Structures are given as structure tokens and as C-alpha cells.
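Engineer:
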Amino acid sequence: MGIVATYNVDNDPDYDLNYGNNCSFPWDSVTAACVEGGDSYGEDWCGDTWCYVPSYCPGATLTEFFDKYVSGDQAIYYSYDQCGSEDTFTDTFTDCADDCGTTQPSTCDEFTTMTTGEGCAADCSLDFLTDFLADIGLDCSGE
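In C-alpha cells form, the structure reads like this:
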């Protein structure tokens, strides 16, 4: 079991109720960054499957995407390996963080799209995350 959410942010299609919950869908393929016209359109990782997992699972990679919404020692991990995909996303994410001076979303354009302000200085509004942190990546099944 992965994320179990009760709602999403303003019905934002980028972050479906089941976002990252299992390996059944390439979650990023429908995000603003990966659709035609998006900053990452055509990137390999846009069509790859991944899911949220515990830190000890194969290929578990710490994500800082939701850091603003976790507290203390809570951490969120994702894995492409668990879903049989190659991780071509992580390096892209790191490069954007270096360019933007932020470690939030995967691309500067995605950051702008999902926020209320402009560019990397804008403030994310993903408050929904706090409602289901306890259920993120409860096992490594990828289902």
C-alpha cells in the first residue's frame, strides 16, 4: 500500500488521489511538466512507472518534493526500480534544484504551474500531503 489520500488539491489532475500509490500508471505522464507544451515534455521519466516506498526498498530515493509538508524525521521515498523502470528522473530533479535554488518540484516550469506565484520563489500549496503521510509506502510490493 502506498499513499492513501482523502482528497487532492483543488482537484488538481497532477496529483490524483492515488498519485504514486502503485506501479500501475506512469504518474508523471499527466502532470503539467510532462504533457505537450510542458518543460519536461518528451523526457524519458515522464512515461516511466514509479511508486512511493519505505526507505529500505530497492531503489528507494529520498524526495524533497514535499519537504515543506513533512515534519521532524518524516521522509518520503520513491522508487522506479520497484516498478521495473530505470530512474532517469533523479538527476533531472537535482539539476533543476541547482538551477532554481530550490529543491521543490521537478522542473522550474512545473513549480510555477503548481503554485500561486511565479517561478522558483513562489509558495507551494500542497497541504493535502499532511493528511496521508502516515500511509506513504507501507510496503515494497509496488501494488
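Here my numbering is used: the first residue of the sequence shown is 3, the next is one more, and so on.
In this text, a Cβ means the ideal position worked out from N, Cα and C, and glycines have one as well.
Just so you know, these numbers come straight off a predicted model, no measurement behind them.
1. With the cut-off set at 8 Å, would you say C36 and Y43 are in Cβ contact?
2. Cβ of Y80 within 8 Å of Cβ of G22?
3. Thinking just about the alpha-carbon of each residue, which of F67, P28 and T63 is nearest to the one in W47?
4. Using only the alpha-carbon positions, how far apart do T65 and S31 sit?
5. Throw me the rounded Cβ distance for the T90 and D41 pair, which I believe falls under 8 Å.
6. Roughly how many angstroms lie between the CA atoms of V55 and A62, to the nearest whole one?
7. What's the C-alpha gap between A77 and T92?
8. Rounded to whole angstroms, what's the CA-CA distance from T33 to G39? Just pull it up for me.
9. Name the DSSP beta bridge partners of V55, please?
Structural biologist: The relevant details are as follows:
1. Yes, these two residues count as a Cβ contact at 8 Å.
2. Taking 8 Å as the Cβ cut-off, Y80 and G22 qualify as a contacting pair.
3. Of the listed residues, the one whose Cα sits closest to W47 is P28.
4. The straight-line gap from Cα to Cα measures roughly 18 Å.
5. No, T90 and D41 are not in contact; Cβ-Cβ is about 15 Å, not under 8 Å.
6. Straight-line Cα distance between these residues: approximately 7 Å.
7. Our two residues, A77 and T92, have alpha carbons roughly 16 Å apart in a direct line.
8. Rounded to whole angstroms, the gap between the alpha carbons of T33 and G39 is 11 Å.
9. Note: V55 sits in a beta bridge opposite Y79.
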